[in-house]
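So in the numbering used here, spot 179 of the sequence shown is number 489, and the numbers just go up one at a time. Beta carbons are placed, not taken as given, at the ideal position from N, Cα and C, and that holds for glycine. Given the structure is predicted, the values throughout are model-derived calculations rather than measurements.
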Amino acid sequence: MFPDLKPKPSLSKSEKKQGLSMVIWDGLATQAMVTLTGGVFLVAFALELGASNTVIGLLAAIPPLAELLQVPAVYIIRKVRNRRLITVTASTAARLVWLLIAAIPFLFGTGSGVWVLVGAMLLYSTISSISHCSWNSWMHDLIPQQKIGAFFSRRMGISTALAVPLSIVAALFVDAWKVEPGGEVTAYALLFFGGCIAGLIGVIFLARTPEPELGEDQKPDFSEVLKEPFADRNFKNLLIFLGSWNFAINLAAPFFTVYMLQRIGLDISWVIALAVMSQIVSIIFFRVWGEVADVFSHKSVLQISGPIFILAIIGWTFTTLPDPYILTVPILIAIHILTGLSTAGVTLSTNYIGLKLAPKGKATAYLMASSITTYLAAGIAPALGGIFVDFFASREVALTITFSDPSGVLILRPLDFQHWDFFFFFAFLIGLYSLHRLSFVREEGEEKKRIVVHELLTEVRREMRNLSTAGGLRIMASPPVSEYLKPPKKEKRRRRPVWEEEETY
Numbered sequence: 311m312f313p314d315l316k317p318k319p320s321l322s323k324s325e326k327k328q329g330l331s332m333v334i335w336d337g338l339a340t341q342a343m344v345t346l347t348g349g350v351f352l353v354a355f356a357l358e359l360g361a362s363n364t365v366i367g368l369l370a371a372i373p374p375l376a377e378l379l380q381v382p383a384v385y386i387i388r389k390v391r392n393r394r395l396i397t398v399t400a401s402t403a404a405r406l407v408w409l410l411i412a413a414i415p416f417l418f419g420t421g422s423g424v425w426v427l428v429g430a431m432l433l434y435s436t437i438s439s440i441s442h443c444s445w446n447s448w449m450h451d452l453i454p455q456q457k458i459g460a461f462f463s464r465r466m467g468i469s470t471a472l473a474v475p476l477s478i479v480a481a482l483f484v485d486a487w488k489v490e491p492g493g494e495v496t497a498y499a500l501l502f503f504g505g506c507i508a509g510l511i512g513v514i515f516l517a518r519t520p521e522p523e524l525g526e527d528q529k530p531d532f533s534e535v536l537k538e539p540f541a542d543r544n545f546k547n548l549l550i551f552l553g554s555w556n557f558a559i560n561l562a563a564p565f566f567t568v569y570m571l572q573r574i575g576l577d578i579s580w581v582i583a584l585a586v587m588s589q590i591v592s593i594i595f596f597r598v599w600g601e602v603a604d605v606f607s608h609k610s611v612l613q614i615s616g617p618i619f620i621l622a623i624i625g626w627t628f629t630t631l632p633d634p635y636i637l638t639v640p641i642l643i644a645i646h647i648l649t650g651l652s653t654a655g656v657t658l659s660t661n662y663i664g665l666k667l668a669p670k671g672k673a674t675a676y677l678m679a680s681s682i683t684t685y686l687a688a689g690i691a692p693a694l695g696g697i698f699v700d701f702f703a704s705r706e707v708a709l710t711i712t713f714s715d716p717s718g719v720l721i722l723r724p725l726d727f728q729h730w731d732f733f734f735f736f737a738f739l740i741g742l743y744s745l746h747r748l749s750f751v752r753e754e755g756e757e758k759k760r761i762v763v764h765e766l767l768t769e770v771r772r773e774m775r776n777l778s779t780a781g782g783l784r785i786m787a788s789p790p791v792s793e794y795l796k797p798p799k800k801e802k803r804r805r806r807p808v809w810e811e812e813e814t815y
């Protein structure tokens, strides 16, 4: 039985503590659903059904484009004024769609099954967008603003810690089914069924999370409310950054799995292993980035993690020259380590810098504008990529170095762009532009980059001491550049989990 879903005028300390705990548990259940239903497994499932590169791009574009429904969702929130009811209802309906997706191999053939998958993903994403909008506004009022970075970094870290073993078990499960004809696609269907169950468990935790009353004043002209975020100059600069950044990373990211499975020829177990390694690195750095974000700012975190992320993207172009070679796997490992390190900071900061910059009492409209900008860019990019992928398949740009002497001729190709390499390169250039746009955003607490780097290195050394007593490992976390950086004046104390800090309330 669900509890009473009505919001309350005020929440007691115990209710707030319970609410933060429930948000953590919902994060675990939702992460289990996302791990089993998305990413590598969804792409591999679509390829097994015979999906083309255009369809892969479409599948990547549907979820963010569906977030355009944030606009009517804001209207629904302002009318109903019960974000918990909206979130629980929409989340339940959306997550049940995975039962249909799980049934595709048993009810449809490979040809029609692909388009049923596309339609089901459209339905799932459309309903989910409503719950996302109400959940964001709900969390904005529930979680103390000064603790957002620490809380969500811990939530993401714990969730990612669950995703690591779950991904490994799921990959082994798929491998076990490969021995049977058509077993692999059946294995994916069973994973989706399990993901659906995990998602519904998450809804139970959401239903038990208390909601403070929506404090925004009713505005007679709804169109004026939507214009407010775009009239705020600083927030408008943030929207430009978020749009260009998400266009850059989503131009390339949806094709990473296809690239490894088809061009490099890796087995699904290798792909999952690399993803797991990246997730482990993210677990370590979620806490690090969260601490730095709270001491300084989300912008400061982005100024460090963003360049690392786009360097990892351009690194994909060197994994084939033009075919896989002896350094392909080492480069892939390095890319996934850098991606895990930077993704922790990028995800944390891009998701929640909007929460921090949104004025009190106007959260819904501001977060809606942030979400629409982010998801519109993230949806257009893979859709364009899917359309033009075949065009670039027949194009190539190469740099050839020839050395000849009496004993023979040596030909080197240090640069060779073909097919997906063009998307990686374009994403790198757009990423550079987005980081330039980030410099125009102003956030309270932002500090000079050198101080942030010093704080980051301090946090890394602390985490390394927790992981190992080996002196050599600690030395690796203390590069010579730290001698150049001046330490901040105050030493930051370690914090207990946010939901245990009574002074927060």
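Residue i by DSSP, collapsed to three states: which one?
| i | result |
| --- | --- |
| A603 | helix |
| G492 | coil |
| D485 | helix |
| D726 | strand |
| R464 | helix |
| K672 | coil |
| T779 | Any reading at T779 must be qualified, since the residue scores a pLDDT of 36, below 50, and its modelled position is unreliable; the value itself is stated next. DSSP places T779 in coil when its eight states are reduced to three. |
| E753 | coil |
| I453 | coil |
| L472 | helix |
| I578 | helix |
| E325 | helix |
| K800 | Its pLDDT being 45, under 50, K800 is placed unreliably in this model, and the coordinates cannot settle the point. |
Looking at the secondary structure, which residues open and close the beta strand (DSSP E) in which residue i lies?
| i | result |
| --- | --- |
| E358 | Premise fails: E358 lies in the alpha helix (DSSP H), G349 to E358, not in any beta strand (DSSP E). |
| P731 | The sequence shown places Asp at residue 731, rather than the Pro named in the question. Counting along the chain, D731 falls outside any beta strand (DSSP E), though it belongs to the alpha helix (DSSP H) covering W730 to L748. |
| F713 | E706 to D715 |
Under the DSSP definition of a beta bridge, which residues are partnered with residue i?
| i | result |
| --- | --- |
| S681 | None, per the DSSP bridge assignment. |
| K318 | P522 |
| V365 | Per DSSP, none; premise fails for V365. |
| T630 | P634 |
| V719 | S714 |
Under 8 angstroms by Cβ, that's how I've got residue i and residue j pegged, so tell me the actual separation to the nearest angstrom.
| i | j | result |
| --- | --- | --- |
| E521 | W448 | 6 angstroms |
| V581 | S615 | No, V581 and S615 are not in contact; Cβ-Cβ is about 24 angstroms, not under 8 angstroms. |
| T402 | L510 | 7 angstroms |
| L548 | G664 | 7 angstroms |
| R518 | I334 | Not a contact, Cβ separation roughly 12 angstroms. |
| H608 | E753 | 6 angstroms |
| G349 | S469 | The Cβ separation is near 14 angstroms, so there is no contact. |
| T683 | G553 | 5 angstroms |
| I386 | I440 | 7 angstroms |
| G512 | T340 | 5 angstroms |
| G650 | Q589 | 6 angstroms |
| H442 | S681 | 7 angstroms |
Could you please give the first and the last residue of the uninterrupted alpha helix (DSSP H) stretch that includes residue i?
| i | result |
| --- | --- |
| P640 | T638 to L667 |
| A558 | R543 to A562 |
| K609 | H608 to G625 |
### Query
Counting only runs that start and end within the stretch 372-432, where is the alpha helix (DSSP H) found for 4 or more residues in a row?
380-390 and 393-417
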